[in-house]
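Read the structure below first, then the notes.
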Amino acid sequence: MKTVLKMGVSAAFCLGTLANPAFAQDADNIVKIGVVAAESGSFVSAGHTLPAGVGLAVKQINDAGGIKVGGKVYKLEMVKRDDRTDIATAIAATQELVRDVKVQAIFGSETHDFTLAMAKITQPAKIVHFAGNSTLAKILTPDTVKAGGEDHYLFQSEPQEFQRSGSTARGVLTLLEPLLGYKPKKSVMIVGNDATGQFLSSYYFKALKAEGQDVPDIIFYPPDTTDFSPFLTRAKSLNPDIIHFWYNGDSTLTALPQALELGAAKSYFLFGVDPGIWKEKALSADVPVAMSCVPVCWGESSNPKAKAYFDAYFAAGAPHGVTSSVSLLYHDYVHFLAEAWEKAGSFDPDKTVEALLSIHHQGVVSDDLTFNPTHQVTHATEVCAAAPGGDISCSMQQPPADAPKS
């Protein structure tokens, strides 16, 4: 028996966007979900986590019998496209998924400017779009997300950056203080110089200041840097208690051995580096090293649900990566979306948005995932620290309620 949900799809395809949403799915009751991510290119370490996380959620939902929407049972199908860390490729892939594949939802990309370009296609087409970019706070406002607004179907599956930066800074300082044996006072930030690095570091700078840190001007390095000695020498001259490396985990792991050899600081913080990688690479340091995960660690975690999730994640074939935890910015939201479709009793995008805003979802990251009125989520961030002897401790750090004053 063929079942088709059909609600007027326009054949017009103008300027890279669709005039009307593709509500229809195929005759076999398959709901297609698109993923656009960097499975090759310079951002592959984070990019490969998107299809891995979404794919695991799709399998879990299908193995449990699928979803029941409007009295009918549907199975999910993930359709993924590699954007090759190239914005033009991401745009073309999004166009294809919306126009030709007719996905009901899209997940990605992990890169801010890519997501904004993709949203220019997904939003006019009324495609529900999830992206784990804290940078989306720039565009998700009451006016843009309201019914009829230009970003009504766009959802941010990572906390606002002041929250993530605030919880991270507090966690880093809290964990490093007993390992240093004194309260750290001076922090130096070394950051990849691209749009995302500039955006993220501006918030982390304020978060460190709010915690009482003396923070000189940020030291930026070109994204493809392999020799960090000029930047580390400058940082060392400032006599920091902590050097904070942001935000590319692969670059950070290149920089850290150089920093240790130079003796650039009394301790370090590695943003987005999982303690699992620290262990697998048998890394060590003669000074304390803090690490943070986005949002929960797989190598060591204080989250009781983390082990079961990552056991399933790696068993499904996902590699042990620097940023494997990024997968949770997408995995939980496939389940969240499925719950919203069932609650709405429809794949209609407006009813789906209404349902998403009303649900308290139990996920791996949190037992109470909710979207605020501007389509942003709030949850804790896990921070860990490796002592010079190798012991690692972790804690979940709750976000601040308010942004620090400028």
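In case it helps, mature numbering (1 follows the signal peptide of the UniProt record, and there is no 0) puts the sequence shown at residues -24 to -1, 1 to 382. Where a beta carbon is used, it is the ideal one built from N, C-alpha and C, also for glycine.
Which of helix, strand or coil does DSSP assign to residue i?
i, result
"residue 202", "coil"
"residue 250", "coil"
"residue 1", "Unreliable positioning characterises residue 1 in this predicted model, as indicated by a pLDDT of 47, which lies under 50. The coordinate reading is nonetheless provided below. In the structure shown, residue 1 sits in coil (DSSP, three-state: anything other than H, G, I, E or B)."
"residue 42", "coil"
"residue 37", "helix"
"residue 19", "coil"
"residue 196", "strand"
"residue 178", "helix"
"residue -18", "For residue -18, the pLDDT reaches just 31, beneath the cut-off of 50, and the residue's location in the model is therefore unreliable, although a value from the coordinates is still provided. Note: residue -18 maps to coil in three-state DSSP."
"residue 373", "strand"
"residue 238", "helix"
"residue -5", "Note that residue -5 scores a pLDDT of 40, beneath 50, so its modelled location is shaky and nothing firm can be said."
"residue 318", "helix"
"residue 355", "coil"
"residue 220", "strand"
"residue 8", "strand"
"residue 336", "coil"
"residue 162", "strand"
"residue 345", "strand"
"residue 168", "strand"
"residue 186", "helix"
"residue 361", "strand"
"residue 379", "coil"
"residue 416", "This structure cannot settle anything about residue 416, because the visible part of the chain is limited to -24 through 382."
"residue 331", "helix"
"residue 312", "helix"
"residue 14", "coil"
Looking at C-alpha atoms only, which residue of the options is the closest neighbour of residue i?
i, options, result
"residue 379", "244, 265 and 186", "186"
"residue 315", "191, 118 and 33", "33"
"residue 341", "19, 277, 263 and 13", "277"
"residue 10", "138, 381 and 59", "59"
"residue 84", "269, 194, 307 and 137", "307"
"residue 28", "120, 56 and 40", "56"
"residue 197", "172, 216 and 217", "172"
"residue 128", "339, 346 and 329", "329"
"residue 255", "37, 30 and 296", "296"
"residue 189", "174, 178 and 161", "161"
"residue 240", "257, 258, 219 and 223", "219"
"residue 334", "323, 72 and 347", "347"
"residue 263", "242, 121 and 271", "242"
"residue 339", "304, 119, 215 and 76", "304"
"residue 364", "82, 258, 121 and 223", "258"
"residue 193", "216, 213, 270 and 165", "165"
"residue 199", "170, 332 and 284", "170"
"residue 216", "163, 177 and 167", "163"
"residue 26", "41, 76 and 270", "270"
"residue 102", "122, 142 and 113", "122"
Got a sec? Which residues, its chain only, sit under 6 Å from residue i by beta carbon, not counting five neighbours each side?
i, result
"residue 7", "1, 50, 52 and 80"
"residue 246", "221, 228 and 267"
"residue 344", "336"
"residue 391", "This structure does not reach residue 391, given that the chain is present from -24 up to 382, and the question cannot be answered."
"residue 368", "251, 276, 360 and 362"
"residue 311", "33"
"residue 111", "88 and 175"
"residue 265", "244 and 362"
"residue 236", "261"
"residue 30", "11, 54, 83, 306 and 310"
Sorted by chain position, which residues of the same chain lie with C-beta nearer than 7 Å to residue i's C-beta, five sequence neighbours on each side aside?
i, result
"residue 225", "21, 248, 249, 298 and 299"
"residue 63", "89, 90 and 93"
"residue 145", "180, 183, 184 and 187"
"residue 274", "250, 252, 282, 286, 300 and 301"
"residue 139", "354, 375 and 376"
"residue 366", "260"
"residue 318", "43, 44 and 45"
"residue 149", "160 and 187"
"residue 322", "45 and 46"
For the ligand ZN, is there a heavy atom less than 8 Å away from the beta-carbon of residue i?
i, result
"residue 11", "The ligand content of the structure shown is nil, which means the ligand ZN is not present either."
If you drop the 5 nearest sequence neighbours on each side, which residues of the same chain put their C-beta closer than 8 Å to that of residue i?
i, result
"residue 61", "14, 16, 17, 18, 19, 20, 23 and 87"
"residue 38", "51 and 52"
"residue 125", "119"
"residue 195", "164, 165, 166, 167, 207, 210 and 211"
"residue 141", "176, 179, 180, 182 and 183"
"residue 35", "292"
Touching by the beta-carbon criterion (3+ pairs, under 8 Å), the region 89 to 104 and the region 61 to 73: yes
Determine, using beta-carbon pairs with one atom in the region 284 to 292 and one in the region 364 to 374, whether at least three such pairs fall under 8 Å. no
Please list the segments of the beta strand (DSSP E) lying wholly inside the region 253 to 302, counting only runs of 3 or more residues, in order along the chain. 265 to 268
Looking at C-beta atoms only, is the number of pairs between the region 344 to 357 and the region 149 to 160 that lie closer than 8 Å three or more? no
Three Cβ pairs or more, each shorter than 8 Å: is that satisfied between the region 199 to 207 and the region 228 to 238? yes
Could you name each continuous beta strand (DSSP E) segment of 3 residues or more that falls completely within the region 121 to 157, going from the start of the chain to the end? 130 to 132
Unbroken stretches of the beta strand (DSSP E), 3 residues or longer, contained in the region 41 to 116: 43 to 45, 48 to 58, 81 to 83 and 104 to 107
Below 8 Å, can you find three or more Cβ-Cβ pairs linking the region 175 to 186 to the region 207 to 216? no
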